[in-house]
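Engineer: Encoded as structure tokens, here's the structure I'll be asking about.
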Amino acid sequence: MLVVALSALGCGTAGPTERTPEGLPQVPPAGDRGDRGGPFDTSRPEIGNLDPDLLEAIRAAARDAQDDGVRMVVTSGWRSREHQQRLFAEALSKYGSEEEASRWVSTPDTSAHVTGDAVDIGPTDADSWLSQHGSDYGLCQVFANEIWHYELATSPGGRCPEMWPDSSARH
Ligand SMILES: [Zn+2]
Numbered sequence: 001m002l003v004v005a006l007s008a009l010g011c012g013t014a015g016p017t018e019r020t021p022e023g024l025p026q027v028p029p030a031g032d033r034g035d036r037g038g039p040f041d042t043s044r045p046e047i048g049n050l051d052p053d054l055l056e057a058i059r060a061a062a063r064d065a066q067d068d069g070v071r072m073v074v075t076s077g078w079r080s081r082e083h084q085q086r087l088f089a090e091a092l093s094k095y096g097s098e099e100e101a102s103r104w105v106s107t108p109d110t111s112a113h114v115t116g117d118a119v120d121i122g123p124t125d126a127d128s129w130l131s132q133h134g135s136d137y138g139l140c141q142v143f144a145n146e147i148w149h150y151e152l153a154t155s156p157g158g159r160c161p162e163m164w165p166d167s168s169a170r171h
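If you use our numbering, the sequence shown corresponds to residues 1 to 171, in order.
This is the structure we're talking about:
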């Protein structure tokens with residue numbers, strides 16, 4: 001009887017197959033996983049290694065920005081020490097001195113990217129959106145010369161602290 005039932009199932013491919021899996025939402029929530037290159041693609045280490053609270057905040061902000069027609073992209077998140085060292089070395093050759101380079105790129109010892117506590121956001125209209133709404137999520141621009149760099153620096157709905165002129169001023 002079991003064998004008969006199985007082969008009967010195996011033949012049942014001729015009819016219309018409009019069945020959809022039960023219980024699955026037809027439309028996934030906006031900005032959920034699978035958004036390659038977006039703030040939700042946790043398969044990328046630079047996203048997956050972010051501080052969970054920061055990731056949650058940026059996810060929520062990106063969802064709401066999307067509702068306003070603004071697409072938010074994490075252009076840089078967590079970085080390994082080696083990656084940060086490379087960036088600093090590049091800045092050093094570009095700016096010529098450690099003092100000037102550190103205004104733009106932190107060392108592995110001081111970068112909030114290395115600890116997973118910072119994200120760089122683009123494009124520019126997303127940065128503008130965040131400058132207006134970021135504090136609702138606790139997200140703040142912390143360096144006056146980096147409109148793309150955000151950290152969790154206040155509680156949601158709180159006031160962002162005064163910005164540092166650049167990253168060398170904080171350390
Ligand atoms: Zn940054």
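Beta carbons: idealized from backbone N, C-alpha and C, even for Gly.
Classify residue 170: buried if its beta carbon has 16 or more other beta carbons within 10 angstroms, exposed otherwise.
Structural biologist: Taking the first residue of the sequence shown as position 1, residue 170 is located at position 170. Residue 170 is exposed by the Cβ-count criterion.
Engineer: With residue 77 and residue 56 assumed to form a contact (beta carbons below 8 Å), what rounded beta-carbon distance in angstroms separates them?
Structural biologist: As a first step, residue 77 is located in the sequence shown; it is residue number 77 there, counting from the start. As a first step, residue 56 is located in the sequence shown; it is residue number 56 there, counting from the start. Contact doesn't hold; Cβ gap of about 13 Å is too wide.
Engineer: Where are the alpha helix (DSSP H) runs, 4 residues long or more, that stay fully inside the region 56-110, in chain order?
Structural biologist: Whole alpha helix (DSSP H) segments, 4+ residues: 81-95, 98-101.
Engineer: Taking the CB atoms as reference points, tell me whether residue 148 and residue 42 lie closer together than 8 Å.
Structural biologist: Start at 1 with the first residue of the sequence shown, and residue 148 comes out as number 148. Start at 1 with the first residue of the sequence shown, and residue 42 comes out as number 42. No. Outside cutoff.
Engineer: For a minimum of 3 consecutive residues, which ranges assigned as the beta strand (DSSP E) are wholly contained in the region 127-170?
Structural biologist: List check, beta strand (DSSP E) in window: 139-141, 149-152.
Engineer: Going by beta carbon distance, what residues of the same chain come within less than 6 Å of residue 113, once the five residues before and after it are set aside?
Structural biologist: By 1-based counting over the sequence shown, the position of residue 113 is 113. Excluding positions up to five away in sequence, the list reads 79.
Engineer: Does the beta carbon of residue 67 fall short of 7 Å from some heavy atom of ligand 1?
Structural biologist: Here residue 67 refers to the residue found at position 67 of the sequence shown. No.
Engineer: May I have the straight-line CA-CA distance separating residue 101 from residue 58, to the nearest angstrom?
Structural biologist: Mapped onto the sequence shown, residue 101 falls at position 101. Mapped onto the sequence shown, residue 58 falls at position 58. When rounded, the distance between both Cα atoms is 28 Å.
Engineer: Within the present structure, is the beta-carbon of residue 76 separated from the nearest heavy atom of ligand 1 by less than 7 Å?
Structural biologist: On the sequence shown, residue 76 is found 76 positions in, with the first residue counted as 1. True, at least one ligand heavy atom lies under 7 Å from that Cβ.
Engineer: Where does residue 48 sit, in a helix, a strand or coil, going by DSSP?
Structural biologist: Sequence index remark: in the sequence shown, residue 48 carries index 48 (1-based). Three-state DSSP puts residue 48 in a helix.
Engineer: Would you say the beta carbon of residue 120 is closer than 7 Å to some non-hydrogen atom of ligand 1?
Structural biologist: The residue labelled residue 120 in the question sits at position 120 within the sequence shown. For ligand 1, at least one heavy atom lies less than 7 Å from the Cβ of residue 120.
Engineer: Could you tell me if the beta carbon of residue 83 falls within a distance shorter than 7 Å of some heavy atom in ligand 1?
Structural biologist: Here residue 83 is taken as the residue at index 83 of the sequence shown, counted from 1. Incorrect: residue 83 has no Cβ contact closer than 7 Å to ligand 1.
Engineer: Anyone know if the C-beta pair for residue 84 and residue 111 falls short of 8 Å?
Structural biologist: The count along the sequence shown starts at 1 and reaches residue 84 at position 84. The count along the sequence shown starts at 1 and reaches residue 111 at position 111. Contact flag set, yes.
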